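First residue of the sequence shown? That's 8 in this note's numbering, and the numbers climb one at a time after it. We put the CB at the ideal spot given by N, CA and C, even for glycine. Note that the structure is predicted; figures quoted are calculated from it, not measured.
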Amino acid sequence: MRTISDSKTEVALGEEESTHGINIKSITKSIYFPAKKPFYRRSLDFDMLCFKEFHPSEKKFLYYPYDPDDFLQSEFDYMDDYMELRIIEEPYKTVRNDFYFKKGVKINIWDFGGQEILYSTHQFFLTKRSIYLFVWEPRSDTEEENFDYWLNVIKRLSLNSPVIVVMNKSDVRIKSIDENGYLKKFNNIISFHYVSCLTKEGIDNLIYDIKNAISEIPHMGDKLPSAWDIIRLRLRELDQDYIDLEKFAEICGLDKPENLHFLSEYLTDIGGIIHFNDDISLKNIIILNPHWITKAIYELVQTKKIQENKGLFSVEDLSEHLDQDTYPMSTYLGILSMMEKFEICFKIIGSRNKYIIPSLLTVSPPDRTILEYFRLGDSLKYEIEYTFLIHGIIERLICRLNNNLEGTNFWRYGAVFNDENNRALIHLNKIEKKINLIIKGDTPSQLFSVLSHEIDRIHRDLKLNTDDFDEKIACNCSECSSGSNPYFFSKNVLKRFLTRSKEQIDCPKSTERAEIKEMLIGYKSKKISVPLVRSFVRALSYLQTRHKLVERFNEDEINTFFQDLLSPMLIKDGYITNEQSFKGKSESGNSQGRLDIAIETADKLNVSIYEGFILDSFRKSIVARHIEKTIKHYDPTGLREKFVGVYCKANSFITLHEKFSKYLKTLSTNGIKSISTEDLSHIYVNGSEMKVLRYKYERSSVKLSLFVILVNLNL
């Protein structure tokens with residue numbers, strides 16, 4: 008990075024520091040752009056006009072300043088004032104193709120560290136409006152093992168952005184690679200270079216190719232509002248690491264939210280800022296110095312104490328590991344929300360303030376007997392074999408489905424997930440590039456649908472192609488069904504057999520004939536939506552994390568804030584939320600009831616309702632009023648599931664939970680027949696500061712359920 012910034016930089020052997028995390032540096036270089044649309048628009052640019060000639064001895068093009076005395080009269084036979092007039096009156100008319108304009112371009116250089124533990128986090132900073140230098144050193148014969156991995160990552164996640172492959176330390180050793188083979192496989196590779204930062208050999212040619220690549224990036228020369236240059240200058244002059252959305256809007260002077268969103272998205276794409284306008288947790292923070300957030304993340308990931316604690320840390324730990332002048336306490340929530348956004352960590356649902364970084368978990372399961380349990384007996388077995396296995400699939404799955412995790416049964420390469428009727432083991436075999444999925448329970452296809460749906464989403468997010476992996480299904484012949492090591496058929500092969508009216512296939516292991524349609528039962532893809540209770544629990548966990556923010560809110564304000572947290576989760580499953588909706592009847596029965604949140608489909612079909620209220624101690628009259636409103640007055644049609652959120656501010660959360668549970672078990676009200684009350688906290692949460700109760704009842708001979716989620720806000 009330093010040598011590219013300044014080719015005269017002296018390198019001291021043995022004293023250069025390796026990059027840990029991401030280092031970010033901004034430099035300005037003179038870049039030559041074609042003298043045509045959209046690179047010039049004004050007569051002022053005429054002063055920077057150059058012409059381009061190829062020099063065989065240099066084996067590259069060189070640029071020379073345009074001299075009208077030498078070139079204009081003889082080459083074009085028209086006057087300088089006519090050329091200037093043409094630029095003014097017809098600004099998109101081009102001059103000759105070999106003429107260029109020289110312009111100063113600010114370049115943001117992101118230098119990614121090479122530690123494997125950070126691979127999965129790097130992927131979130133690969134953008135399409137960039138070029139990439141893949142730098143390697145000829146230390147041994149194993150370097151090329153990483154070539155395919157990183158070139159594949161760049162190709163997919165940056166949407167085929169250009170890549171320059173650079174071998175460093177050519178003064179120490181030269182190693183040839185199959186350049187033609189890589190060019191055939193990766194059409195986004197521009198060139199290969201062999202350089203030495205010590206002797207500066209090859210550096211000039213490398214910088215030449217970098218400049219050319221920059222001049223050809225699609226967004227270079229974009230016609231943007233002139234005010235945007237002023238805005239970018241104002242943001243740089245602030246000399247701040249971050250600002251809030253209100254300050255950003257003030258600087259931009261933009262009234263329309265869509266214009267503000269477009270500008271922030273563009274600046275994020277070119278590496279100028281980091282902003283997630285569509286995320287309620289991050290919408291209010293605009294990071295002006297990307298190094299500020301990346302340094303915080305990597306400080307935490309690389310902290311020895313957190314590593315020794317297998318990725319577990321608390322909010323309070325941030326003050327110990329981060330510089331408090333640079334990262335005051337008011338920024339902690341934003342940093343953690345950013346890490347959750349990048350799926351670097353997740354909050355333990357129901358905990359006071361505990362987080363886990365999955366990439367720092369142990370490589371083996373905490374209880375190895377769990378593997379034996381899933382290996383034996385009847386189960387649904389599934390396998391994904393990868394030709395290209397990108398880092399971080401399991402970590403992402405753990406972060407996304409953390410409220411499906413079973414206790415502490417998760418590790419870096421696997422996890423046990425559950426629902427009310429099933430348990431599932433997912434395990435990654437890095438050597439064989441396989442993910443194995445085993446599900447046991449009464450209805451394994453339900454949990455399979457949830458897990459496979461999320462894995463599919465991860466594949467899409469990582470831009471994996473269908474030829475990057477092969478889904479496989481366990482054979483159902485008598486030998487494979489009773490054994491722990493069945494043969495796995497490619498799902499595509501089985502489908503191909505069926506399309507040709509062949510319903511049976513021979514098992515290569517047992518030689519028995521297996522029924523294909525029976526084999527596919529339980530694996531059929533279906534539109535899956537996360538159970539509503541999972542979404543409510545997750546959103547209430549986010550609310551709990553922000554307990555300081557809402558501690559002075561009244562009941563309606565908390566419900567409004569909660570709806571903002573809940574809505575994005577439900578939208579993914581095709582639901583919308585309506586606040587303060589009028590449904591059913593009021594308590595008096597004289598008018599419609601006004602419930603807190605209604606859950607509806609896009610077609611306005613009512614799916615469920617939510618009632619949220621504050622409780623500072625167990626008061627039977629308050630509890631009874633809200634419960635009765637929810638299960639009777641607000642639900643005239645008999646919705647299958649309804650939800651009550653209790654914002655607990657009692658001195659003893661445990662006592663309040665016990666009293667609430669006891670109340671539900673003895674609940675008696677006209678028109679309602681109680682069936683049972685269950686505490687499902689062990690299924691839906693992993694901490695002690697949130698509880699999930701389910702009250703089953705019967706009304707008009709129809710069996711219904713009410714979920715009561717108690718969340719401690721007195722932390």
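Is DSSP giving residue i helix, strand or coil here?
| i | result |
| --- | --- |
| Gly111 | strand |
| Val540 | helix |
| Gly421 | strand |
| Leu367 | helix |
| Val715 | strand |
| Pro373 | coil |
| Phe320 | strand |
| Thr673 | coil |
| Lys302 | helix |
| Ala609 | coil |
| Met227 | coil |
| Pro515 | coil |
| Ser485 | helix |
| Phe395 | coil |
| Lys479 | strand |
| Tyr389 | strand |
| Tyr530 | coil |
From residue i to residue j, what distance separates their C-alpha atoms?
| i | j | result |
| --- | --- | --- |
| His298 | Leu261 | 26 Å |
| Ser366 | Asn429 | 26 Å |
| Ile280 | Ser271 | 8 Å |
| Lys162 | Ser168 | 6 Å |
| Ser668 | Leu722 | 21 Å |
| Lys312 | Phe320 | 9 Å |
| Thr567 | Met346 | 25 Å |
| Arg382 | Asp449 | 17 Å |
| Ile634 | Val557 | 23 Å |
| Tyr362 | Thr310 | 14 Å |
| Leu158 | Asp563 | 51 Å |
| Glu217 | Glu257 | Checking the sequence shown, residue 217 turns out to be Ile, not Glu. For Ile217 and Glu257, the distance between alpha carbons rounds to 36 Å. |
| Ile351 | Glu402 | 8 Å |
| Lys66 | Asn115 | 28 Å |
| Ala657 | Ser489 | 53 Å |
For residue i, which of the options has the nearest alpha-carbon?
| i | options | result |
| --- | --- | --- |
| Met174 | Asn721, Ser203, Leu700 and Asn291 | Ser203 |
| Pro373 | Thr338, Asp426, Ile364 and Lys317 | Lys317 |
| Val630 | Phe353, His554 and Cys655 | Cys655 |
| His328 | Met345, Lys302, Ser344 and Cys352 | Lys302 |
| Asn219 | Pro145, Ser137 and Asp286 | Ser137 |
| Phe424 | Ile438, Lys437 and Asn409 | Asn409 |
| Lys498 | Ser491, Cys484 and Lys524 | Lys524 |
| Ser712 | Asn719, His689 and Val651 | Val651 |
| Ile184 | Leu469, Ser165, Phe154 and Lys207 | Phe154 |
| Tyr641 | Gln570, Val653 and Ser615 | Ser615 |
| Ser198 | Ile34, Val172 and Arg706 | Val172 |
Tell me which same chain residues have a C-beta within less than 8 Å of the C-beta of residue i, skipping the five on either side of it?
| i | result |
| --- | --- |
| Asn613 | Lys590, Ala605, Ile606, Glu607, Thr644 and Leu646 |
| Asn195 | Ile161, Lys162, Asn167, Ser168, Pro169 and Val170 |
| Lys666 | Phe625 |
| Val544 | Ile356, Asn410, Tyr691, Val692, Met697, Val699 and Ile716 |
In its own chain, which residues sit with a C-beta less than 6 Å from the C-beta of residue i, not counting the 5 before and 5 after it?
| i | result |
| --- | --- |
| Lys109 | Ser37, Tyr39, Met55 and Cys57 |
| His664 | Lys698 and Leu717 |
| Leu687 | Val699 and Arg701 |
| Asn296 | Asp248 |
| Thr684 | Leu671, Lys672 and Tyr702 |
| Leu622 | Val653 and Cys655 |
To which residues of the same chain is residue i closer than 7 Å at the C-beta, ignoring the five residues directly before and after it?
| i | result |
| --- | --- |
| Ser708 | none |
| Thr723 | The structure shown has nothing for residue 723, since the chain only spans 8 to 722. |
| Ile487 | Residue 487 is actually Cys in this sequence, not Ile. Around Cys487: Ala481, Pro493, Tyr494, Cys514, Lys516 and Ser517. |
| Tyr201 | Met174, Ser177, Ile181 and Gly209 |
| Thr275 | Ile281 and His282 |
| Ser491 | Arg382 and Leu383 |
| Met576 | Ser542, Arg545 and Ala546 |
Just to confirm, are residue i and residue j a CB contact at a threshold of 9 Å?
| i | j | result |
| --- | --- | --- |
| Ala431 | Ile442 | no |
| Ile742 | Leu404 | Because the chain spans 8 through 722 in this model, residue 742 falls outside it and cannot be assessed. |
| Lys649 | Glu618 | yes |
| Glu392 | Lys440 | yes |
| Glu478 | Tyr389 | yes |
| Tyr343 | Thr473 | The identity of residue 343 in the sequence shown is Leu, whereas the question assumes Tyr. No, the Cβ-Cβ distance between Leu343 and Thr473 is not below 9 Å. |
| Lys447 | Leu387 | yes |
| Ser288 | Lys348 | yes |
| Val308 | Ile364 | yes |
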